[in-house]
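The opening residue of the sequence shown carries number 106 in this note's numbering; numbering runs sequentially from there.
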Amino acid sequence: MPLVNITNHPQRVALANELHARPFPRMSAPSRVAYLAVERKNSTSDADRDSLIHLLEHFGAPPHSSGANHHFADLGLVRIKWEQHSEFFTFTLYCAGLADKPFCGQLFEKLPPDWLASLSGRILTSALVRIEPINSVDEAQNRILSETDPWFVRESLAASQVLDGAAVVASDFRLDPNQNIRFAVFPVGKTGSHRIGRIVQRLLEIETYKSMAMLTLPVARDILGQLEPIDRDLSKVVGDMADDLVSSQLELDQLLNISARIEMLSAKTAFRFSAAVAYSAIVNQRISVLREERLHGLQLFGEFMMRRFDPAIRTCLSAKSRLDDISGRAARASRLLGTRVGVHTNQQNKVVLEQMDRRAALQLRLQETVEGLSVVAISYYAVNLLSKLFYPIAKKMNIETSWLSAGLVPPVVLVVWLVVRRIKRMAEKRSNP
Numbered sequence: 106m107p108l109v110n111i112t113n114h115p116q117r118v119a120l121a122n123e124l125h126a127r128p129f130p131r132m133s134a135p136s137r138v139a140y141l142a143v144e145r146k147n148s149t150s151d152a153d154r155d156s157l158i159h160l161l162e163h164f165g166a167p168p169h170s171s172g173a174n175h176h177f178a179d180l181g182l183v184r185i186k187w188e189q190h191s192e193f194f195t196f197t198l199y200c201a202g203l204a205d206k207p208f209c210g211q212l213f214e215k216l217p218p219d220w221l222a223s224l225s226g227r228i229l230t231s232a233l234v235r236i237e238p239i240n241s242v243d244e245a246q247n248r249i250l251s252e253t254d255p256w257f258v259r260e261s262l263a264a265s266q267v268l269d270g271a272a273v274v275a276s277d278f279r280l281d282p283n284q285n286i287r288f289a290v291f292p293v294g295k296t297g298s299h300r301i302g303r304i305v306q307r308l309l310e311i312e313t314y315k316s317m318a319m320l321t322l323p324v325a326r327d328i329l330g331q332l333e334p335i336d337r338d339l340s341k342v343v344g345d346m347a348d349d350l351v352s353s354q355l356e357l358d359q360l361l362n363i364s365a366r367i368e369m370l371s372a373k374t375a376f377r378f379s380a381a382v383a384y385s386a387i388v389n390q391r392i393s394v395l396r397e398e399r400l401h402g403l404q405l406f407g408e409f410m411m412r413r414f415d416p417a418i419r420t421c422l423s424a425k426s427r428l429d430d431i432s433g434r435a436a437r438a439s440r441l442l443g444t445r446v447g448v449h450t451n452q453q454n455k456v457v458l459e460q461m462d463r464r465a466a467l468q469l470r471l472q473e474t475v476e477g478l479s480v481v482a483i484s485y486y487a488v489n490l491l492s493k494l495f496y497p498i499a500k501k502m503n504i505e506t507s508w509l510s511a512g513l514v515p516p517v518v519l520v521v522w523l524v525v526r527r528i529k530r531m532a533e534k535r536s537n538p
């Protein structure tokens, strides 16, 4: 029963189809393949798609369906496959039969020269594949050992039987005089077209992703060179932090400069380093699925990559690790300097608080002194006023003025003191609610 009453997720169909977006080609032997991988100048640009449309129009082939990231087309003498990836796009030409001269690159001549010149990006890699049927693995091995010297450099030659002996593959991963990488594929017996297509596709993917991963190597070497002075500057700043005579502000300015340089390098290289890790993983996975078995006296593709490719990737990982290490050291130095500044600030605050306490105690003593003087002064004027007020009465009672004033002093002083104390308490309650 169809689920007509339930709304599909908008990406459901697209994601399901993504698993089948790049089907393997079907190929028979004998045949040959020419492959071209070109960088994309901008991941949001449709220049690579436009180049495919122009090529199809040139040969009068059916148009490309909009939005698809791959396309198969029959151009008459050859079939073509176009694929779009995040950083590059590829054109693969398939042709039945073998050329008179092995690896001559005649398939590229099927493409219009003006169209090749109009490609928007630069070539990342190009490869030629010769697919020649063979009766047995032993025959393929003898063929490689005795007849392929003009094709490959023996020192770099890697060869193996793959997919449980379904075929024998060979390459030296060197650029030929026309700057193409050469692959020889010898299907054994009645190996099917699907399996041949998978083998060829895996070999082309190994070459492509190897080249993409290797793009990081020059970046890594450049980064390692730039990290040397940064490392020295950082070590000097950390060493100066132990010297109290060096200004913390100067150290902070230096650390900010170092951190800015590190962050700039990280921003420039983060994608390239992560891409190298991803591409190298794909290379190793593609080699793994070939299920290589050794031919007598020849290195496997996996061994070739272990000797030649893996050291380059380790250099890239080393550069990334050192960049991360220096970044971490700079962050720790910043925290250490922050702690030092904080401790110094706390010490200064302690001194300021102690000075404030001494000032407060002095102010309290001055205030008490002022209060005592205020009581005396107020009492003095109050006694004088009361003496004048009570003088007529004291005169009638024959009391001398001096005795009147003396008698008024104790109660006046007491009353004034009580009033001042009450006023002080009321002020303290208002200031400390």
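Note that beta-carbon positions come from the ideal geometry of N, C-alpha and C, so glycine has one too.
Looking from the CA of Pro128, the closest CA among Phe208, Arg303, Glu237 belongs to Arg303.
A straight line joining the alpha-carbon of Thr321 with that of Pro255 spans about 32 Å. Between Glu237 and Phe291, the alpha-carbon positions lie close to 5 Å from each other.
When the five nearest sequence neighbours on each side are left out, no beta carbon in the same chain lies closer than 7 Å to the beta carbon of Lys493.
In the three-state reduction of the DSSP assignment, Phe177 falls in the strand class.
Nearest neighbour of Leu216 by Cα position, chosen from Thr230, Ala232, Leu198, turns out to be Leu198.
Contact annotation: Val342 and Leu361 have beta-carbon atoms that are not nearer than 8 Å. Between the C-alpha atoms of His190 and Glu144 there is a straight-line separation of about 9 Å. Leu339 and Ile418 have their C-alpha atoms some 27 Å from each other. Taking 8 Å as the cut-off, the beta carbon of Leu212 is found closer than this to the beta carbon of Ala139.
Here Trp187 carries a strand assignment [DSSP, helix/strand/coil]. The criterion of a C-beta distance shorter than 8 Å is not satisfied by Ala204 and Arg287. Within a 10 Å sphere around the beta-carbon of Val520 sit fewer than 16 other beta-carbons, which makes this residue exposed. Only residues of its own chain outside the window of five on either side were considered, and among them Lys146, Ala152 have a CB closer than 6 Å to the CB of Ser225, listed in chain order. The Cβ-Cβ distance between Ala201 and Leu180 does not fall below 8 Å. When the beta-carbon positions are compared, Ala232 and Asn283 stay at least 8 Å from each other. Counting C-beta atoms within 10 angstroms of its own C-beta, Ala173 has fewer than 16 neighbours from the protein chains shown and is therefore classed as exposed. Of the residues Ala178, Thr474, Asp429, the one whose Cα lies closest to the Cα of Asp336 is Asp429. By the 16-neighbour rule on beta-carbons within 10 angstroms, Tyr486 is exposed. In the structure shown, Thr230 falls within a strand segment according to DSSP collapsed to helix, strand and coil.
Beta-bridge analysis with DSSP links Leu141 to Phe196, Ser231.
Secondary structure note for Ala263: its beta strand (DSSP E) is the uninterrupted segment 263 to 267. Val258 carries a coil assignment under DSSP once its states are collapsed to helix, strand and coil. It is roughly 33 Å from the alpha-carbon of Ser371 to the alpha-carbon of Leu308.
In the DSSP assignment, Arg396 falls outside any alpha helix (DSSP H), carrying neither H nor E. When DSSP states are grouped into helix, strand and coil, Phe291 belongs to the strand group.
For Ala272, the uninterrupted beta strand (DSSP E) segment begins and ends at 272 to 276.
By DSSP's assignment, Ser136 forms a beta bridge with Ala201, Ile236. Going by C-alpha positions, Ala275 is about 8 Å away from Ile249.
In this structure Val448 is exposed. Its beta-carbon is surrounded by fewer than 16 other beta-carbon atoms within 10 angstroms.
A direct Cα-to-Cα measurement between Arg463 and Leu355 gives close to 34 Å.
The DSSP-derived three-state label of Leu403 is coil. For the set His159, Val234, Ala178, His176, the Cα lying nearest the Cα of Ser223 is the one of His159.
Judged by beta-carbon spacing, Thr195 lies within the 8 Å limit of Leu141, meaning their Cβ atoms are closer than that value.
In this structure, Ser133 lies near Ile301, with their beta-carbon atoms less than 8 Å apart. Within the DSSP secondary-structure output, Leu221 pairs in no beta bridge.
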